[in-house]
Every structure is written in structure tokens, then in C-alpha cells.
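*Asks:* The listed protein sequences correspond, in order, to chains A and B. Note that the UniProt record's numbering numbers the first sequence so that position 52 is 52, with each residue one more than the last. Note that the UniProt record's numbering numbers the second sequence so that position 57 is 57, with each residue one more than the last. I have a structure here, written as C-alpha cells, and I will follow up with some questions on it.
Number of protein chains: 2
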Amino acid sequence: MNKEAPIGIFDSGIGGLTVVKEVRRALPNENIIYFGDTARVPYGIKSEKVVRNYALQITNFLMQRNVKMILIACNTVSASARDEIQEAAGDIPVLDVISAGTKAAMAWPEHDHIGVIGTLATIGSEAYNRAIREYNGGVKITSKACPMLVPLAEEGWTDNDIARQIVHRYLASFEDQNIDSLILGCTHYPLFKETIQQELYRRKIRIVDSGESIAKMAREELARRQLLNPSGGTFECYVSDRPQRFQELAERFLGTEIPNVQIIQL
Amino acid sequence: MNKEAPIGIFDSGIGGLTVVKEVRRALPNENIIYFGDTARVPYGIKSEKVVRNYALQITNFLMQRNVKMILIACNTVSASARDEIQEAAGDIPVLDVISAGTKAAMAWPEHDHIGVIGTLATIGSEAYNRAIREYNGGVKITSKACPMLVPLAEEGWTDNDIARQIVHRYLASFEDQNIDSLILGCTHYPLFKETIQQELYRRKIRIVDSGESIAKMAREELARRQLLNPSGGTFECYVSDRPQRFQELAERFLGTEIPNVQIIQL
């Protein structure tokens, strides 16, 4: 495999850009191809079969672009299609946000009790519970769906009074719970990291950003395979619909502008 | 046509139940069949061609159930597939929320300036602007997308502090505008009617609930055609996915429980 080859990152929509942000920070020399399936978002309300089918179409697209690694930046796909994508990708390593977030949370020396927040679909699927139990069958897990946070992030209200009240209301579920860490189980949620930190500042709770975690895992895996790129850093961005809306929102998620979002039908 | 035949009402999801509520209030003797396309919601981000195709599938389903009238309780379908549905429905009258809301707003004696709120998709489509201009080319229109209101309604936060602050923030756009009426251009928004009224109470602004308007139009049209049902009142409810979630939310939208939501693939 080629060191200069890009890393493929995909999500059902825009949220995965928070993963791109962390990967660019951890691996500034890597070339990145992002695909956001904006025509078919949200995946969370679709059947597993449909989600697998979409995820494999995207995997094909990325493999045609000769990626050296695939990062699944979508919790729904991580929960329902991870194995199928790895099978389709053959030798190409596939990392996903659920495994990455879980691994990072479990690496914390104390983990008697883990909190998880995510969309209704992610929390309802119990995918984090299953992933955490694979590491440790005895750990206590408290999870809470926070359906308002995705639309809040897309409206750009991440640190105003309304955002603080909504975060406060959701995190009230954890007030009487002695959680050691809180997994942000949705790629939109890192936009609320400061607001969540302010809400939890009195307590020693580690906030696990699965974007940071998957970026760290990607760096370790590329190093292990001697596939780190010595001199790249390009970023190509594809969506399946409404590139302009994506471009408008992108700066908020990525922390920088995207000059040229291309539309592609799979 | 048969007086006992049901009225068919459909939406991309659950919002259309606010229309059902008004139709049941205005026409308690009518039998109603509702279809919510919960597998494919939201329609607003899909292309017009796809929305038309879905809408015609639903029209077919309703016609197989021998409906005597079709009410389009979805702003996206009203904007992009009204004529196609009327063509497919032949002699069966088809009413839609955009025409109904616009007609009701224009019936107000003073209408120099109309406000419209709706989803990003509805406001972006300018469908209300076109419908209003057909009545009156000179009227001023101020519109505002309120993307947080749909998730707020589905979370059940329609009259708490958070809802009041969000409504206040959105309606601030109309503060310096002398609007005579405000069209609630999304079937979720009637759930915020009281909150919106409180926000606007100092000003003589008529709030136009397109659910009320379409129910009134339906009653007039059935009376004109001598098709009013003397003795019905049944309600059948179909969705394309997740009937349980629909059932949970339904009470909030309809004001009463739905005993038996059936799932159907079109």
C-alpha cells in the first residue's frame, strides 16, 4: 500500500467533519477524502439492511479512490455495518467511532460507571453498551438520548443560553450517577464539549470525544503499518446532495472553510 | 361518490396529525385514514422528483382505500407535487396545507404584510411566497426558517422555558416588521401556538394555523359536493416504519391516544 494514499472518512451527513478536524490535527500530513451522504441523512431511522447497503456503496467509492484506511465517522454505521465494511475493504484497515470511543473510555484507570449520550437511534440500538461489555462485563452504563443537540449544532447554537439550558437538562440524568467518563456518542456533540465541560466542571468526569479517539487510533495503526504520509495534507470533500448547505455548516464543524465541496451520486 | 367513504390525510411523518386533530374537530362524523411516511421522513431534503414519486405512491394507497377526498398535510408535498396528485386523483378533491393557509391569511381584511415561518426546506422553496403572490402581487412577505421547532415538538418541549426562549429568538425577526398575520407553515408548529401567541400578544397579529384552515376548507368542499358523512367517525392510522415511536408521539400531536398504528410498505 502507498503512504501517499488518502484516508477515507465518511458519515451520513456533516457530523463526521468533527472527526476530520481531529484527524487533521493528529495527522496533518495525511491526505483525506470525506464523503457525507447528505441526500440520505439521517441513517438512524433506517433499517440495518438499508444502512449496510448505503455503507457498502460508500466503501466502494472510497476504495475506488485507493484509500489506505477507512474511518467510519457515523455511529449508526459503526453499530450496524462495521464487519461488512471490513470484509469489503479486505486488507485496508477500518476503524469506527464506537470502538474508538469505547476503547478510550476503558483506558481510563477507573471505569466502574460509564455515561453515554447520543441520538435516539444510537442510544436505542444499545451499540455502546455492547461494545463496552466486550471490554468489561461488569461496568455500569447509564445512557441518555439527547435528540435536541444535533439540530442545535446545525443551527449554530452551541454556546448560547439556550444550548446551556438544553445541555443542563440532558445532563441532569447523570447528576446522581457517579459516572467516571462520559462518551460523546454522536459526531455532532464535540461542538458542545466546552458547554458540557462547564456543566460537569465540579466533578472528575472524563469527557470522551470519539473523534479524538479515532484520530489517535488511526495514527497508531498507520505508524504500526509504516503507512504514515511524510508530506501530504490535502482534503477532498464529497456529498450526495446540497453541497452549498454543507459548505455553510462546514466551518462550524471543521473549524475552517471548505473551498470546494463536490456532489456525487453513488 | 360515497358519503361514508373516508377522507385520506397524509404527511411525511407525524406532523400531519395536527391536521387530523383539526379535521376531527371540524368534521367529527368523518372517517379518516392517515398515512405517515416515517420510513422516508424528512421529505424536505429530497429532490422534487423523489418527493413526487413518494407522494404518488401514497395517493395510490389512499385511492385503493376509496377515499372521497385527499388532504396533503405536508408542506413539502404541497409545494412540489400538488398538481400531480390532483391529476392522479381524478374527480376526488385534493386540498393542501399551503393553499389552505394562504387562503386563510388572505381572507383577513388587512393583509399588507404577511409573516411565514416553516422548516428550512419550506422557507427555502419560497412556496408560500408563490402562493401568496397568486392572490396578491403587492403584499409584503417576511419569512423565517425555524429549524429547532420540529425537534423541540418531538422532544415534547412545547411550553417550557427552553421552548419560550427559542420561539422568542425566532420571532425576534418580526419585531420591527408590521406583519398582519403569521402563517404557521409547518404542521408541527400548531403545538407552539400558545407559546407563539404569548410572544405576540401585544400586537394584533393573526396566527394562521393551516390545519384549522384546511379542515374548514374540507368541510366547505364536502358540503358543496353533498358528501358530508352523517354518521362515521373512525380513524385508521398507517405508517411506513417505527409504529411504536409514532404511537408514543401521537398523543402530543393529536391530543388523544391512537390505539392501533399499522405498518405498511408502499
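Cβ atoms here follow ideal geometry from the backbone N, Cα and C, with glycine treated the same way.
Give the range of the alpha helix (DSSP H) segment to which Y170 of chain B is assigned.
*Replies:* From DSSP, the alpha helix (DSSP H) with Y170 of chain B extends over 161-171.
*Asks:* Measure the alpha-carbon distance for G13 of chain B versus G185 of chain B and round it to whole angstroms.
*Replies:* Those two C-alpha atoms are separated by around 15 Å.
*Asks:* Under a Cβ-count criterion, where at least 16 other Cβ atoms within 10 Å of its own Cβ denotes burial, should P243 of chain A be classed as buried or exposed?
*Replies:* Buried: at least 16 other Cβ atoms inside 10 Å.
*Asks:* Name, in chain order, the residues that DSSP records as bridge partners for G145 of chain A.
*Replies:* In the sequence as displayed, the identity of residue 145 of chain A is Ala instead of Gly. DSSP, once it has assigned bridges, lists A:G118 as partnering A145 of chain A.
*Asks:* Comparing the C-beta of Q165 of chain B with each C-beta of chain A, is any distance below 7 Å?
*Replies:* Answer yes: the Cβ-Cβ gap between Q165 of chain B and chain A drops below 7 Å somewhere.
*Asks:* Who does S181 of chain B pair with in a DSSP beta bridge?
*Replies:* Paired residues: B:I114, B:R206.
*Asks:* Please name the residue, chosen from A:I72, A:L152, A:M148, A:A153, that lies closest to E155 of chain B on a Cα-to-Cα basis.
*Replies:* Of A:I72, A:L152, A:M148, A:A153, the residue nearest in Cα terms is A:M148.
*Asks:* Within 10 Å of its beta-carbon, does R82 of chain B have 16 or more other beta-carbons around it, so buried, or fewer, so exposed?
*Replies:* R82 of chain B should be labelled buried.
*Asks:* Does the beta-carbon of I207 of chain B, which I'm using as the reference point, lie nearer than 6 Å to any heavy atom of the ligand MG?
*Replies:* Of the ligands one can find in the structure shown there are none, so the ligand MG has no counterpart to examine.
*Asks:* For M106 of chain B, report the span of its alpha helix (DSSP H) as first-last.
*Replies:* Its alpha helix (DSSP H) spans residues 97-107.
*Asks:* Under 9 Å Cβ-Cβ, which residues of chain A neighbour I162 of chain B?
*Replies:* Ordered by position in chain A, the residues that pass the 9 Å Cβ test against I162 of chain B are M148, I162, Q165, I166, R169.
*Asks:* Identify the contact partners of E199 of chain B in chain A, using a Cβ-Cβ distance below 8 Å as the criterion.
*Replies:* Those within 8 Å of E199 of chain B in chain A number zero; the least Cβ separation is about 15 Å.
*Asks:* Per DSSP, which residues does D176 of chain A bridge with? Please list them.
*Replies:* DSSP lists no partner for D176 of chain A.
*Asks:* List the DSSP bridge partners of I263 of chain B.
*Replies:* For I263 of chain B, which the question treats as bridged, DSSP gives the partners B:V239.
*Asks:* Taking 7 Å as the CB-CB limit, is E248 of chain B close to chain A?
*Replies:* Chain A contact via Cβ: absent.
*Asks:* Only counting the same chain, and skipping five residues up and downstream in sequence, which positions put a Cβ closer than 7 Å to that of G101 of chain B?
*Replies:* Hits under 7 Å: I183, G185, V208, S210, S213.
*Asks:* Who are the neighbours of R252 of chain B on chain A, taking C-beta pairs under 7 Å?
*Replies:* Those within 7 Å of R252 of chain B in chain A number zero; the least Cβ separation is about 14 Å.
*Asks:* Would you kindly work out how many angstroms separate the C-alpha atoms of R224 of chain B and P6 of chain B, rounded to a whole number?
*Replies:* The straight-line gap from Cα to Cα measures roughly 17 Å.
*Asks:* Would you check if the distance between the CB atom of S78 of chain B and the CB atom of I72 of chain B is smaller than 7 Å?
*Replies:* Taking 7 Å as the Cβ cut-off, S78 of chain B and I72 of chain B qualify as a contacting pair.
*Asks:* Looking at chain A, is there any beta carbon in it that lies within less than 7 Å of the beta carbon of P151 of chain B?
*Replies:* Yes, contact with chain A.
*Asks:* What does the alpha-carbon distance come out to for the pair D176 of chain A and R130 of chain B?
*Replies:* About 53 Å.
*Asks:* Can you tell me whether W108 of chain A is buried or exposed? The criterion is at least 16 other CB atoms within 10 Å of its CB, across all chains shown.
*Replies:* Answer is exposed; the Cβ neighbour count stays below 16.
*Asks:* Leaving out the 5 sequence neighbours to the left and right, which residues in its chain are closer than 7 Å to S125 of chain A when beta-carbon positions are compared?
*Replies:* Correct list, in chain order: A79.
*Asks:* Can you tell me which of the three DSSP states I196 of chain A falls into?
*Replies:* Helix.
*Asks:* Can the beta-carbon of A153 of chain B be found closer than 7 Å to that of L191 of chain B?
*Replies:* Cβ distance < 7 Å, so A153 of chain B and L191 of chain B count as in contact.
*Asks:* Around the Cβ of A172 of chain B, are there at least 16 other Cβ atoms within 10 angstroms (buried) or fewer (exposed)?
*Replies:* Exposed is the call here.
*Asks:* Between the Cα of G36 of chain A and those of A:V150, A:R202, A:I58, A:L254, spot the shortest distance and give me the residue it belongs to.
*Replies:* Selected option, being the one with the closest Cα: A:I58.
*Asks:* Buried or exposed for K204 of chain B, going by 16 or more other Cβ atoms inside 10 Å?
*Replies:* Exposed, since its Cβ has fewer than 16 Cβ neighbours within 10 Å.
*Asks:* Smallest Cα separation from N31 of chain B: which of B:I264, B:G255, B:N2, B:A250?
*Replies:* N31 of chain B has its Cα closest to that of B:N2, out of B:I264, B:G255, B:N2, B:A250.
*Asks:* Check for me: the beta strand (DSSP E) holding D11 of chain A runs from which residue to which?
*Replies:* Looking at the DSSP string, the run of the beta strand (DSSP E) that includes D11 of chain A is 7-11.
*Asks:* Have a look at T158 of chain B and A89 of chain A and give me their C-alpha separation to the nearest angstrom.
*Replies:* When rounded, the distance between both Cα atoms is 46 Å.
*Asks:* Within the chosen definition, does the segment 44-59 of chain B reach the segment 250-264 of chain B through at least 3 CB pairs nearer than 8 Å?
*Replies:* As far as the Cβ criterion goes, the segment 44-59 of chain B does not touch the segment 250-264 of chain B, which means the pair count is below three.
*Asks:* Should T76 of chain A and D241 of chain A be called a contact, given that it needs their Cβ atoms to be closer than 7 Å?
*Replies:* Contact flag unset, no.
*Asks:* Counting only Cβ-Cβ distances shorter than 8 Å, please list the residues of the segment 34-65 of chain A near chain B, keeping chain order.
*Replies:* Taking 8 Å as the Cβ-Cβ cut-off against chain B, the residues of the segment 34-65 of chain A that qualify are T38, A39, V41, I45, K46, S47.
*Asks:* Who are F35 of chain B's beta bridge partners in DSSP?
*Replies:* Answer is B:F10, B:Y238, bridged to F35 of chain B.
*Asks:* Could you give the DSSP three-state label for I258 of chain B: helix, strand or coil?
*Replies:* Coil at I258 of chain B, not helix or strand.
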